[in-house]
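Chains as they are written, first to last, in my numbering: chain A, 1 to 520; chain S, 521 to 664; chain P, 665 to 1014.
Just so you know, even glycine gets a beta-carbon here, dropped at the ideal spot from N, CA and C.
What you are looking at is a predicted structure, and each value in this text was computed from that prediction instead of being measured.
This report refers to the structure that appears directly beneath it.
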Amino acid sequence: MEFLTFIDLSFLMLVSFGTLVGIIFGAIPGMTATMAVAVCLPLTYALGLNHGLALLLGLYVGGISGGMVPAVLLNIPGTPSSITTTFDGYPMAQKGEGEKALRVCVIASLVGGLVSALVLFLFAPLLADFSIKFSYVEKFLIILLALSVIASLSSSMLIGIFSGVIGIWLSLIGDYSVSDGGNGHTRLMFDFMEPYLFEGFSLLPVLIGIFGISTILLEAEKGVKRDMAGERIKIGKEGGFSLSIFKGSFTNLTRSSFIGTFVGMLPGVGGSAASVLAYTQEKNLAKDSSQMGKGAPQGLIASESANNALTGGALIPLLSLGIPGDSTTAVLIGAFTLQGIQVGPLFIPENHDTWYVMMTALVLANFIMFGLMFFAIKHIAKVVMVPKHILYPLIVMMCVVGAYAINYGIMFDVWTLLIFGVLGYLIQKIGLEVAPLIIGFILGSQAEVYFVKSLESFGTYSIFFTKSPIAMVLWGLIAASVLFAIVMGFKSRARQKVELSQMHDPSHTDSGAHHDSRND
Amino acid sequence: MASDPLSVSIDFETSHLFFPHIVHWVLAGLFALILVTKVVPFLAAVKRGERTLPIIGESRDSARFFGTLALISAYFYLMAVVGDLFPYTGYGFLFVSMAFVLAMSLMYLHEWTKKALIIVVINAIVAPTLAWFVLAKLFTITLP
Amino acid sequence: MLTKKTLMSVSVAGLMTGLALSSSVAMAQDAQLRGNVRVVIGSTSTGGDTYQNASIVVDRLAEHLGLNMKVDAVGASSAFRTLDRDSRGNTLMIFHDQSYLGYLYGVEGYDDVFENYTVGPTIAINPGNAYLVPMDSPYQTLDDVVEAVGNGETVRVAIQPGGVSEIGYSALKNAIAIEYPGQEENLVAVNTGSQSDKNQQLFDGQADIINGSVQANEQYTRLPEDDQKAMRFIWLTARQDTIEQAPEEGLGQTSREQLLEYVEPNVTVSMGDDENFTFDKEFFFLYNKDMDQGIVDQIDEALAEIYDEGEIQQAQLDAFFIPDFKPSAEASEYLQEKMSRYEEIISNLD
Chain A
1 MEFLTFIDLS FLMLVSFGTL VGIIFGAIPG MTATMAVAVC LPLTYALGLN
51 HGLALLLGLY VGGISGGMVP AVLLNIPGTP SSITTTFDGY PMAQKGEGEK
101 ALRVCVIASL VGGLVSALVL FLFAPLLADF SIKFSYVEKF LIILLALSVI
151 ASLSSSMLIG IFSGVIGIWL SLIGDYSVSD GGNGHTRLMF DFMEPYLFEG
201 FSLLPVLIGI FGISTILLEA EKGVKRDMAG ERIKIGKEGG FSLSIFKGSF
251 TNLTRSSFIG TFVGMLPGVG GSAASVLAYT QEKNLAKDSS QMGKGAPQGL
301 IASESANNAL TGGALIPLLS LGIPGDSTTA VLIGAFTLQG IQVGPLFIPE
351 NHDTWYVMMT ALVLANFIMF GLMFFAIKHI AKVVMVPKHI LYPLIVMMCV
401 VGAYAINYGI MFDVWTLLIF GVLGYLIQKI GLEVAPLIIG FILGSQAEVY
451 FVKSLESFGT YSIFFTKSPI AMVLWGLIAA SVLFAIVMGF KSRARQKVEL
501 SQMHDPSHTD SGAHHDSRND
Chain S
521 MASDPLSVSI DFETSHLFFP HIVHWVLAGL FALILVTKVV PFLAAVKRGE
571 RTLPIIGESR DSARFFGTLA LISAYFYLMA VVGDLFPYTG YGFLFVSMAF
621 VLAMSLMYLH EWTKKALIIV VINAIVAPTL AWFVLAKLFT ITLP
Chain P
665 MLTKKTLMSV SVAGLMTGLA LSSSVAMAQD AQLRGNVRVV IGSTSTGGDT
715 YQNASIVVDR LAEHLGLNMK VDAVGASSAF RTLDRDSRGN TLMIFHDQSY
765 LGYLYGVEGY DDVFENYTVG PTIAINPGNA YLVPMDSPYQ TLDDVVEAVG
815 NGETVRVAIQ PGGVSEIGYS ALKNAIAIEY PGQEENLVAV NTGSQSDKNQ
865 QLFDGQADII NGSVQANEQY TRLPEDDQKA MRFIWLTARQ DTIEQAPEEG
915 LGQTSREQLL EYVEPNVTVS MGDDENFTFD KEFFFLYNKD MDQGIVDQID
965 EALAEIYDEG EIQQAQLDAF FIPDFKPSAE ASEYLQEKMS RYEEIISNLD
């Protein structure tokens, strides 16, 4: 119990401070947990390893959690991993249940964070050995499984898949990166674009452009009416939150937390895949998932518990293989190297005290996050009371900061905001769907690398089926997911037909091609 | 292995085109399907006058819509230009953001009351300054 | 309505003119660094060796010159582009041998740095570039590998293509071509990405040798033999002289003495003409071609003074880097010579 000597008042203060700053970073559209950790990294040199880690882990947990706020209230994912939170969070906010949605998110986040911390503490070395069983082939199948959500996410399966493939196509623009083992050649663009697009479009500017800027364009088109602004979200008791929402969510919570931990654990499978995968599985496996995407708390629970479970998961390969599990832990590794501490398979046995300190900080950060958020929600939810003529310019400004800062100062990333803002606007106008497109974009480039590298190594397509028992299980899940989407598609078509015959309303005949009716 | 119908060999030099090719074919196939099942019936409906074309056939607040586009473009462009005059101080962001926030707020503001204007002006000065101070000064994030 | 428009345009125009006027003051330049200086690096990682090295040097340089300096991990392609646009000296770059190796390997986005940029002073060496095999590999030494390949056995080496990670592989291939002409085709590259990908190739049995580093793989070499993750070093590409300057305690639990077992003359890779191949990953500054010579000299002098004080060397050694300061003229000549040696190896294989 020697590590307890490290845990003093300043330790607690640093965790709290880190969590608070992290939440603020996460809550500002465009600022992410990764950025929060990166900007505070130099501070840790002065603080020493243990206190530095207290700060950074606070930032990490806070940053991941803070992403829920703009996702729910403004329909802009604060961090890439909160994308699925917008699917149900924003519809709830529009129904006036923003505060309730946020409370659900906070509790789910706490559970996810704690479950993953527990898993990390008990099974880190064991799981690290398991994670290296996932080669390119299995990682490709995981991505494919996450992509399969596209089929069931959209009102028309054909349009959804088409949008998703466009997203994948967009993600391939740029070079086939040498740092992924590619040959470094560029494709899908003209020569004059190369100076700007060599590395392709970056995820974060694409995300906030397509969600943030296009929303503003759609509003501008309607003249930025004053109405609704204040009424859109009911504050206070009308929020209607009670713990009973979680009744029957035990499986969902547990499943999503484990999915989050597990995806976080796989190096190279991006963090955003975690919440997408958890969302998919809830959609497929829940008894009733018909309301998901229209404002169902179960969607929030899946998304938020999974993305907070990432934290513990991503630390597993970092601390037991020396390999970061996501982009934030990749920055975190700097804190160790700055202090001259090696991370690798022998980190935990050789640095017992630091290990316990980290676990303490992680668990504390989750509780502090809960404390700060749960009681601040009432005030945070008032963001939507701000008149639009004040709010919108500020959103654009903060999106600019986030886009510019994400790759440490690249002006093209700011222009990406506008490009994808306009694209997002057009997409919604012509009836394509944004959510599948963005999921395709997030997962597309990884799908490519794992797919091509698998084939390069094994030289046959059959390897995807025969590689290992893990691959077979993953195929089972993919098949189930696709099958489910088809069954759901038929059901909803049948339901539509019934509605149609009752309503005789021509504008509902073709929900796919006229998806924009929602925006009118 | 040689007789395996699924066998494939990827030349490293052209491996950057392997996956995009597949994506192109899938896209083309899906597009054709959509053309037949969705777009053609839709256009027929437009012809009969039951539906309107998106974007072209819709009403919109053109001034605010195109104003937003123009303002954002000018904002991004000037930020880099002004920022280049004061290398890496973030002044480009600071000053141009003030002008942008002010201009956009005024454009979206429907009733120009004195109170509303004061709030708009204060917001345009305080918000960018705060963002600049916290991010560029405290956290030393590079801003344009 | 008219007043609204007027107020709006005044608000915009007023700020613009104000800015244009005040800016002319800042435009005046003489041959000194001034204002805020941004140092872009060729890596996107803030946890990697380039960032670490850059921040050690830049922190001290900023203090010494009394300027605001900031390291930004923008990555190679963006870093070169940012540097291209600014000849005032507000943008500097720090990168390593990848800057010219990328060009030699014909990777898109890399140009001849000696032609398009001014090469600044070198600052440090990362001596850790290493090649490893699984603990239970049949190959005990690099000679075993060369012999096996010479006898027609296929050996797969996991590398990241197009640069620092590939150069050792190319040299090995070249050495095999010298000793066993025609057999070098049996040494094949497994092109992969990050360190985790390379390790994974080894665990999957898809590679027999991987490129790695002392820093990232040292703990793997100390795992018990029955652990499937256990590895062994077989070759460090650094010069013997470089490793000798490392701290005596080495890194982790591997002492300098042990590390010396994996460099020349214990492990040799022939380049022909009785010369052995070595590769030190050196970090150096790159400047815009048109940047004033005054600034080049200013940084050279400042760094010379910093290195004279002797504190920076300790900081570098603590982080397992070997201090290696050469002023820009010397560095440029030295690196150009270094490049031509590697150019030969790479062109031999084509």
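Could you tell me the boundaries of the beta strand (DSSP E) in which P:P987 lies? 986 to 990
Measure the beta-carbon distance from A:L455 to S:V602 and round it to whole angstroms, keeping in mind my assumption that it falls under 8 Å. No, A:L455 and S:V602 are not in contact; Cβ-Cβ is about 49 Å, not under 8 Å.
Strictly under 8 Å for the Cβ-Cβ distance: is A:N183 near chain S by that measure? yes
Can you give the Cα-Cα distance for P:N717 and P:Q980, rounded to whole angstroms? 8 Å
In whole angstroms, what separates the C-alpha of A:P317 from that of A:F262? 11 Å
Residues of chain A with CB under 7 Å from P:A737, in chain order? Y408
Cβ-based burial, P:Q865 [other Cβ within 10 Å; buried from 16]: buried
Does the beta carbon of S:T534 come closer than 8 Å to any beta carbon on chain P? no
Listed by chain order, chain S residues near P:K734 by CB distance under 8 Å: Y608, T660, T662
Cross-strand partners of P:V797 (DSSP beta bridge): P:R896
Is there a Cβ of chain S sitting closer than 8 Å to that of A:G223, yes or no? yes
Establish whether the CB of A:A471 and some CB of chain P are separated by less than 8 Å. no
Between which two residues does the beta strand (DSSP E) carrying P:L950 extend? 945 to 952
For A:I166, which residues in the same chain have their Cβ closer than 6 Å to its Cβ, ignoring the five residues on either side in sequence? L437
Determine which residues of the stretch 456 to 485 of chain A have a Cβ less than 8 Å from any Cβ of chain S, and write them out in chain order. E456, G459, T460, Y461, S462
Can you give the Cα-Cα distance for A:S148 and A:T79, rounded to whole angstroms? 22 Å
Below 7 Å CB to CB, which residues in the same chain sit around A:T360 once its five sequence neighbours on both sides are set aside? I7
Nearest-angstrom Cα separation, counted from A:S272 out to P:A894: 31 Å
Return the Cβ separation of A:I406 and A:L204 in integer angstroms, given the expectation that the two are a contact with Cβ distance under 8 Å. 5 Å
Between the beta-carbon of P:V704 and the beta-carbon of P:V722, is there less than 8 Å? no
Nearest candidate by alpha-carbon position, reference P:S877, set P:D868, P:F867, P:N940, P:A902: P:A902
Nearest-angstrom beta carbon gap, A:G62 and A:T19 [assumed within contact, 8 Å]: 4 Å
If the cut is a Cβ gap below 7 Å, which residues of chain S does P:N855 touch? F532
Beta strand (DSSP E) containing P:P785: first to last residue? 781 to 790
Return helix, strand or coil for A:K234, following the three-state DSSP convention. In this predicted model, A:K234 has a pLDDT of only 49, less than 50, meaning its place in the structure is not dependable enough to derive any value.
One or two residues paired with P:G876 in a DSSP bridge: P:A794
Taking the alpha carbon of P:D938 as the reference point, which residue from P:D1014, P:I1010, P:P929, P:P911 has its own alpha carbon closest? P:P929
Using the Cα positions of A:P387 and S:A594, report the straight-line distance between them to the nearest angstrom. 24 Å
Is it right to say S:D531 is buried, meaning 16 or more other beta carbons lie within 10 angstroms of its own, or is it exposed? exposed
Along the alpha helix (DSSP H) that carries S:A590, what are the first and last residues, could you check? 582 to 605
So, with DSSP's three-state summary, where would you put P:R724? helix
Min CB distance A:S179 to chain P below 8 Å: yes
By DSSP, does A:V263 sit in helix, in strand, or in coil? helix
Look up P:D956 in the DSSP assignment and say whether it is helix, strand or coil. coil
Taking a contact to mean a Cβ-Cβ separation below 8 Å, would you say S:G612 touches S:M599 in this structure? yes
DSSP on A:G209, reduced to helix/strand/coil? helix
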